[in-house]
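Asker: Structure in structure tokens, see below.
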Amino acid sequence: MSTASNGCENTLAPEEQKKKIDEVRKSIGPISGKLALFCSDASISRYLRARNWNVKKAVKMLKATLKWRLEFKPENLRWDDIASEAQTGKIYRSNYKDKLGRTVLVMRPSCQNTKSTKGQIKYLVYCMENAIVNLDDEQEQMVWLIDFHGFNISHISLKVTKETAHVLQDHYPERLGLAILYDAPKVFEPFWKVAKPFLEPKTTKKVKFVYSHDPNSNKMMEDLFETSQLEIAFGGKGSGGGFDINEYAERMREDDKKLAAFWMMVKDYYCHHPESGTEEPPGVLCLDTTNSGSDSDAEKASSVAAAAADNNGEEASVAGDDIFKLPTQHE
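Have a look at this one:
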């Protein structure tokens, strides 16, 4: 039985959800390799939830994403591809998470340093892929902290905003847990009125305006984050008072090595198991070199990453998303 949530969103029983997921798989048809990996049950479920469990609409949305990923190849993006966009810290993944274990992405519009829509979207996609791979287990969503200190209207582009909304809503559905607009000035209000129609109603409900002078806002931030970790700019007491491009570049390059190793391990699996078809590779391919519990796993990841670096930049073409944490069996 399905029940209505807030009068607009259906919540289905687990068996009904599984049935819907299977219907989507049937409609999509046979797929293999990177697309099969992308279309895990968890991934399909997000597209169904984004379309209120309407199979036809979810299939259309998912097919559009598969086409986009084949053309855009977000899984192939590496730090050196987008480093010029990242220099000022206009978007970065924080070194802390919220109390629910959600990855936190910080955005500072006043730090915008380029005018290239293509470059800005490429960097956005890189940040999303990186944030996803750093999600805690069983966590699908992330938090955006948007710092408006020093903001003026020249820092944002309506064209980039529209494209950002398109990419995030259409190709990363149900990834947003919360967006906090911190100390947004009055001058932002007219832009918000123009930009808001580009967002779906369920997305706008996740957008919260927070003000440092408001006790209720401060209480909300304390409920969401450990104040000892939260940056000072957001009312916290964390030691990280600013963005260090050299330190951040090092973090991202380390993540890139792990990703390169993952892609090559998956490619190796399919090369030796062509009969696997649409089956996901076993959980042994899950890559966690920081706490794998196995020296051999870490050594293998290290050697594969080195091989990737020596492979003239040719890496396995495998889609990203929740596939970075492969289940040992279908969910």
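Counting from 1, position 315 in the sequence shown corresponds to residue 315 in full-length UniProt numbering; the numbering is continuous, with no gaps.
The C-beta atom is built at its ideal place from N, Cα and C for all residues, glycine as well.
1) Within 7 Å (strictly less), CB to CB, does Val106 reach chain D?
2) Ignore the nearest five residues each way along the sequence and tell me which others in Arg46's own chain have a CB closer than 6 Å to its CB.
3) Which residues does DSSP pair with Ala179 in a beta bridge?
4) Could you work out which residue in Ala249, Ile82, Leu230 and Asp41 is closest to Val125 when comparing CA atoms only?
5) Mark Asp183 as exposed unless 16 or more other C-beta atoms lie within 10 angstroms of its C-beta, in which case mark it buried.
6) With a threshold of 16 other CB atoms inside 10 Å of the CB of Gly277, please say whether the residue is buried or exposed.
7) Could you please give the first and the last residue of the uninterrupted alpha helix (DSSP H) stretch that includes Lys69?
8) Determine the closest residue to Lys26 out of Val55, Glu15 and Ser43, with distance taken between C-alpha atoms.
9) Would you tell me roughly how many angstroms separate the C-alpha atoms of Leu77 and Ala261, rounded to the nearest one?
10) Closest to Gln169 by C-alpha separation, out of Asn218, Arg93 and Lys206, would be which residue?
11) On the three-state DSSP scale, how would you describe Ser217?
12) Is Thr227 helix, strand or coil when you go by DSSP?
13) Does the Cβ of Thr65 have 16 or more other Cβ atoms within 10 Å, making it buried, or fewer, making it exposed?
14) Tell me the start and end of each unbroken alpha helix (DSSP H) in the stretch 108 to 139 that is at least 4 residues and wholly inside, in chain order.
Answerer: Taking the coordinates as given:
1) Of the protein chains in this structure there is only one, and it is not chain D.
2) Result list for Arg46: Pro173 and Glu174, in chain order.
3) Paired residues: Trp144 and Val207.
4) Among Ala249, Ile82, Leu230 and Asp41, the Cα nearest to that of Val125 is on Ile82.
5) In this structure Asp183 is buried. Its beta-carbon is surrounded by 16 or more other beta-carbon atoms within 10 angstroms.
6) Low confidence applies to Gly277: its pLDDT is 48, below 50, so where it sits in the model is not reliable enough to give any reading.
7) Note that residue 69 is Arg in the sequence shown here, rather than Lys. Unbroken alpha helix (DSSP H) run through Arg69: Val55 to Phe72.
8) The residue with the shortest Cα to Cα distance from Lys26 is Val55.
9) A direct Cα-Cα distance of roughly 14 Å separates Leu77 from Ala261.
10) Distances from the CA of Gln169 to each of Asn218, Arg93 and Lys206 were compared; the closest alpha carbon is that of Lys206.
11) Three-state DSSP puts Ser217 in a helix.
12) The three-state secondary structure of Thr227, taken from DSSP, is coil.
13) Label assigned to Thr65: buried.
14) Counting only runs of 4 or more, we get 117 to 133.
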